[in-house]
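So the structure is just underneath, and the comments pick up after that.
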């Protein structure tokens, strides 16, 4: 019987087609579509409706997103060990179940602390079943064209981020916000058996090791990587990017409404901006298989800074507003998904595959915890200054510094048997 390749999951009658890791993108993308698009990026639509009903201030309004992002950070940290001990299927299915439970519970909240608790549970599940485990699985399964595969996966989340806020708005109009929470949670529950049926039981690299007894991923151990300055510099760069991304993402609709747009128009512009990350990811994925992530990542973060700064022109005259809107949609929206994609590739270049899943979880946990403060930070700066000029100017300035610092994130050549 021929030996299995690294791309072929072992012992899985319900996993991807043998030799065809591309088929794994289907269940991964469906899960990302619901847990990222219908939950994470749609939360701002729920919050805009709930704020006047509960009388929350801008700072209090950030409580839900903060709890959601904090929960995701905890989920990200647990992903590496969970995938090794419990396997791929169980990790994804458990995460999806937790996210569904939290979202359904949010439909019954009557106070801010209850809302934050529900969002924390949903975030914990989303962290365990979306970006970090998805990128880890794809990185193990795709020795070639990895950049494009990751881009397609994150692109599904981007597509959901553009479509689902509008759908969420319609659901809220039809079933009220409580009903919308429960409907989306129910859809997430339906994904659990799908994940158990179509994902491989373990990481492809692990099953290859079982088969041959000889496979050993190359690269640094976890301890070696944690002593590497380039690892911490990359972590800092991605953390700044995520902090500034969240600071804009969860306040966009509120900002646009305060700039004079009607609620419906604000949601549509927000969705269009999220949609732009899809072509951005496809272009970025194509380029990342040809150009080093060390050079792409600073350019991406520089464009994120420019797109953030463009928001400040929203309050100008007609021409300035038009140029500012187009710049925000094209540049900020176009690169919104690329720091995670390009940063993950650069991390792989720096540390190798040996402890990639665990180290990716650490990176996303750190930038998730700090990035989770962004909605509340933006609200606090708004309340202190009376406008969004201060937070958005601060975010753009810090991003430019991060883009410059990224040039020092140099890959390190390591031995496959490094201790």
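In our numbering, the protein residues as written are 1383 to 1801. Cβ coordinates follow ideal geometry from the N, Cα and C atoms, glycine included. None of the values given here were measured: they were computed from a predicted structure.
Buried versus exposed, by CB contacts within 10 Å (16 or more), residue i
{"i": "residue 1721", "result": "buried"}
{"i": "residue 1454", "result": "buried"}
{"i": "residue 1585", "result": "buried"}
{"i": "residue 1773", "result": "buried"}
{"i": "residue 1440", "result": "buried"}
{"i": "residue 1512", "result": "buried"}
{"i": "residue 1485", "result": "buried"}
{"i": "residue 1672", "result": "exposed"}
{"i": "residue 1588", "result": "Only weak support exists for where residue 1588 lies, its pLDDT of 48 falling under 50; the value from the coordinates is given anyway. Under this definition residue 1588 is a buried residue."}
{"i": "residue 1495", "result": "exposed"}
{"i": "residue 1746", "result": "buried"}
{"i": "residue 1605", "result": "exposed"}
{"i": "residue 1815", "result": "The chain is shown from 1383 up to 1801; residue 1815 falls before or after that span and cannot be answered."}
{"i": "residue 1699", "result": "exposed"}
{"i": "residue 1490", "result": "exposed"}
{"i": "residue 1526", "result": "exposed"}
{"i": "residue 1803", "result": "No answer is possible for residue 1803: it lies beyond the span of the chain, which begins at 1383 and ends at 1801."}
{"i": "residue 1798", "result": "Residue placement at residue 1798 is poorly supported in this model, since its pLDDT is 39, which falls under 50; the coordinates still yield a value, given next. With fewer than 16 other Cβ atoms within 10 Å, it is exposed."}
{"i": "residue 1786", "result": "exposed"}
{"i": "residue 1731", "result": "buried"}
Bounding residues of the alpha helix (DSSP H) (the contiguous stretch that carries residue i)
{"i": "residue 1701", "result": "1700-1709"}
{"i": "residue 1543", "result": "1528-1580"}
{"i": "residue 1461", "result": "1445-1467"}
{"i": "residue 1626", "result": "1611-1631"}
Proximity below 9 Å, CB of residue i to CB of residue j
{"i": "residue 1653", "j": "residue 1566", "result": "no"}
{"i": "residue 1464", "j": "residue 1578", "result": "no"}
{"i": "residue 1509", "j": "residue 1750", "result": "yes"}
{"i": "residue 1445", "j": "residue 1481", "result": "no"}
{"i": "residue 1667", "j": "residue 1516", "result": "no"}
{"i": "residue 1608", "j": "residue 1744", "result": "yes"}
{"i": "residue 1656", "j": "residue 1756", "result": "no"}
{"i": "residue 1573", "j": "residue 1478", "result": "yes"}
{"i": "residue 1694", "j": "residue 1706", "result": "yes"}
{"i": "residue 1759", "j": "residue 1620", "result": "no"}
{"i": "residue 1622", "j": "residue 1754", "result": "no"}
{"i": "residue 1523", "j": "residue 1406", "result": "yes"}
{"i": "residue 1537", "j": "residue 1663", "result": "yes"}
{"i": "residue 1738", "j": "residue 1472", "result": "no"}
{"i": "residue 1793", "j": "residue 1612", "result": "yes"}
{"i": "residue 1729", "j": "residue 1616", "result": "yes"}
{"i": "residue 1531", "j": "residue 1404", "result": "yes"}
{"i": "residue 1717", "j": "residue 1659", "result": "yes"}
Beta-bridge partners of residue i, as assigned by DSSP
{"i": "residue 1734", "result": "1601"}
Residue i - DSSP class collapsed to helix/strand/coil
{"i": "residue 1439", "result": "coil"}
{"i": "residue 1780", "result": "helix"}
{"i": "residue 1673", "result": "coil"}
{"i": "residue 1403", "result": "helix"}
{"i": "residue 1428", "result": "helix"}
{"i": "residue 1518", "result": "helix"}
{"i": "residue 1658", "result": "coil"}
{"i": "residue 1491", "result": "coil"}
{"i": "residue 1749", "result": "helix"}
{"i": "residue 1719", "result": "coil"}
{"i": "residue 1678", "result": "helix"}
{"i": "residue 1636", "result": "helix"}
{"i": "residue 1641", "result": "coil"}
{"i": "residue 1592", "result": "With a pLDDT of only 44 at residue 1592, under the threshold of 50, the placement of this residue in the model should not be trusted; the figure read from the coordinates follows. Reduced to three states, the DSSP call for residue 1592 is helix."}
{"i": "residue 1768", "result": "coil"}
{"i": "residue 1583", "result": "coil"}
{"i": "residue 1758", "result": "helix"}
{"i": "residue 1384", "result": "Low local confidence applies: a pLDDT of 41 at residue 1384 is under 50, so the model's placement there is unreliable, with the coordinate-based value given in what follows. Three-state DSSP puts residue 1384 in coil, outside helix and strand."}
{"i": "residue 1434", "result": "helix"}
{"i": "residue 1788", "result": "helix"}
{"i": "residue 1409", "result": "helix"}
{"i": "residue 1476", "result": "helix"}
{"i": "residue 1690", "result": "helix"}
{"i": "residue 1793", "result": "coil"}
{"i": "residue 1773", "result": "helix"}
{"i": "residue 1524", "result": "coil"}
{"i": "residue 1483", "result": "helix"}
C-beta neighbour in chain B for residue i, strict 9 Å
{"i": "residue 1688", "result": "In summary, chain B is missing from the structure at hand, where a single protein chain is found."}
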